[in-house]
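Residue numbers (full-length UniProt numbering): 1 to 256.
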């Protein structure tokens, strides 16, 4: 007869209790001092396939809503101009050798249109070719330029190919940048000062320099139109003012 073995109850089996301290550990205190976010177990925040699909759907809906709002804003602005409201253009010259009104006269000559209501501070040009009209403002002081930015749809920035922008012009650009500018169209006008003729290569380098200067304050700018080159370049300037949609100024959007 086989003797039956006797098994004792295991008394040395160790069972550790889970850590349930109500106080922060040393590691969490160090992380808090370093500014780190508290770490959490990935098991507690694991997302199921249904949650991931819902997140993708939410992102897609948000993108569609933003796209729809942008499209509606473009339609509203175009509808405003198609109803007969003129596009307001503030003509700003950064140097004293450029006459802003002569630039507007160049635009009118290409369109073969007469300037209406020509005055000291404002004039109107009917661009029937583009089915719109342009209302030009000619602010001639520092604060009048800032006031014109409040209502302008565009800023026609007139640069000189002969005279560098001085400290006043740079201060004006920095101020307009901080206030918030609408859509900017930059042109190189004809200087009233007598200068030595430039070769085509030199003139091209000047235009590149003017573009580099302007892009420092308006990074979205892609070119500087040369009003002295050809009628087609002047026509492209008018097209940029008549066919593009004005950019929204952030503080204006907040006020509406």
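Beta carbons are placed, not taken as given, at the ideal position from N, Cα and C, and that holds for glycine. Every value quoted in this text rests on a predicted model; they were computed, and no experiment measured them.
Proximity of the segment 112 to 119 to the segment 152 to 166 falls short of the contact definition, fewer than three beta-carbon pairs being nearer than 8 Å. Separation of residue 227 and residue 125 (C-alpha to C-alpha, rounded to the nearest whole angstrom) is 17 Å. In this structure, residue 89 sits near residue 136, with a CB-CB distance shorter than 7 Å.
Taking the CA atoms as reference points, residue 60 sits about 12 Å from residue 52.
Per DSSP, residue 146 is one residue of the alpha helix (DSSP H) stretching across 142 to 149.
Take the alpha-carbon of residue 107 and the one of residue 62: they are about 43 Å apart.
In the structure shown, residue 115 falls within a strand segment according to DSSP collapsed to helix, strand and coil. Rounded to whole angstroms, residue 239 and residue 130 show a C-alpha spacing of 8 Å. Secondary structure note for residue 237: its alpha helix (DSSP H) is the uninterrupted segment 231 to 242. Look at residue 87 here: in three-state DSSP terms it is strand. Sixteen is the threshold: when 16 or more other Cβ atoms of the shown chains lie within 10 Å of the Cβ of residue 159, as they do, the residue is buried. Membership of residue 136 in the beta strand (DSSP E) is indicated by the continuous run 132 to 137.
Annotated three-state conformation of residue 226 is strand, per DSSP.
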